[in-house]
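What follows is one structure encoded as C-alpha cells, with my remarks underneath.
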Amino acid sequence: GTETSDYFSPRWAKVSAVLRGLSDATIAVDPTIRKAMGTAGWGHRAAFTRMLQDGIKWDISVWHLYEGDPEDAFKFLATFGQPIWLTEFNYSGGSQRGEKQQAEGLVQTMTLLRRYQSLYGLEAAHIYELLDETYWAPSYEAFMGLVRLKKREDGLWAPSGRKLAYDAVKKVIANGNAGSSSPTVSMKSSPPAAQTSAPPVADAGAVHPCSLDAFDKSAFNHAN
C-alpha cells in the first residue's frame, strides 16, 4: 500500500495489535533487544507510517529488493530515523533467465547498496538465497540461489556447484566497505507529524517476484 488508508481494514487491526504486543513485550523484557519491522511483500511504504501512527516501536526498518534502484524507497525509510536492513535481495528471477544475468544483476544491485550505505543508514543486506530450491521448479523460487541444487539417486537433495553469481558476490564483498559506516541521515529523526500517506511508488515495470500474481501456484510441491 502507498496510502495509510490501505491498512485500515480489520486484517490490519489484527496485525497491528500483534506487532504492538510483541514490541511492547520485548521492551518490557529487555529494552536493549533490537526489533526489526517491515512487511514480507515489496513496496508497502505506508505500512511503516501506519505502524508509527499505531504506536508500534521498532529499531530496524526492513525492506526487500529484487529489481530497480532503491534510492527512493531508502529516502522514505530514512525519515523514520532507524537503520535499514534488506532481509532479502537478489536479481529478479534469480538465474531463471541465465546465470550471467543473475551475476551481473547482483553486482549492479550491490554497487548501488554500497553507494547508499552511508547516505541512508543501510546497515545490513542479506541475499536471498544461498541454495537453489530446485524442487519448486518451474517457479522462480527454483533459481534464486547462488549454488545449484540437484536430486541424488537416494532422493535427497545436494549442492551441485557454484553459480556465476556466487563468485561475483564474493568478489564484491572482498572489495570491502564503500566508505564511512556512519549514516548522514540522522538516526533520531522522525516523520513529520502531519504525514498520513507515503510518497507514491514508482512503476517497477515487470511483474515483481514478490507479487502473488507472479507466483506459480502449480509449484506447491515441496521436496519430501
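Numbering-wise (the numbering used here), the sequence shown opens with residue 3 and increments by one.
Quick reminder that beta carbons are idealized off the backbone N, C-alpha and C, glycines included.
Of all C-beta pairs linking the stretch 30-38 to the stretch 72-79, fewer than three are shorter than 8 Å, placing the two stretches out of contact.
LEU67 is not a Cβ neighbour of THR4, given a cutoff of 8 Å. By the criterion of at least three beta-carbon pairs nearer than 8 Å, the stretch 13-28 is in contact with the stretch 50-62. The DSSP-derived three-state label of THR41 is coil. ILE175 is bridged by DSSP to nothing; it lacks a bridge partner. Looking at ARG13, ALA176, GLY70 and GLU125, the one whose alpha-carbon comes closest to that of GLY45 is GLY70. Counted as a single uninterrupted DSSP element, the beta strand (DSSP E) harbouring GLY163 occupies residues 159-164. By the neighbour-count definition (other C-beta atoms within 10 Å, threshold 16), ASN177 is an exposed residue.
It is roughly 36 Å from the alpha-carbon of ILE29 to the alpha-carbon of THR113. Annotation for ALA127: LEU88, PHE91 and LEU115 place their beta carbon closer than 7 Å to its own, counting only its chain and skipping 5 residues before and after. Annotation for TYR93: GLN104, GLY107 and LEU108 place their beta carbon closer than 6 Å to its own, counting only its chain and skipping 5 residues before and after.
The shortest C-alpha to C-alpha distance from LEU124 to any of GLU131, PRO72 and LEU151 is the one to PRO72. TYR9 and ILE86 have their C-alpha atoms roughly 22 Å apart. In chain order, LYS37, ILE58 and LYS59 place their CB closer than 6 Å to the CB of SER25, counting only its own chain and leaving out the 5 sequence neighbours on each side. Around the beta-carbon of ILE129, 16 or more other beta-carbon atoms lie within 10 Å, marking it buried. In this structure, TYR142 lies near GLN98, with their beta-carbon atoms less than 8 Å apart. Sixteen is the threshold: since fewer than 16 other Cβ atoms of the shown chains lie within 10 Å of the Cβ of LYS102, the residue is exposed.
Looking at the DSSP output, ILE35 shares a beta bridge with no other residue.
Annotation for SER11: no beta strand (DSSP E) segment contains it, and DSSP assigns it neither H nor E. Between VAL174 and LEU148, the C-beta spacing is not below 8 Å.
Of the candidates PRO12, LYS16 and MET146, the residue whose Cα lies closest to the Cα of ARG164 is MET146. Taking each of ARG150, LEU121 and ALA139 in turn and checking the Cα distance to LEU133, the smallest one comes out for ARG150. Annotation for SER162: ARG150, LEU151 and LYS152 place their beta carbon closer than 7 Å to its own, counting only its chain and skipping 5 residues before and after.
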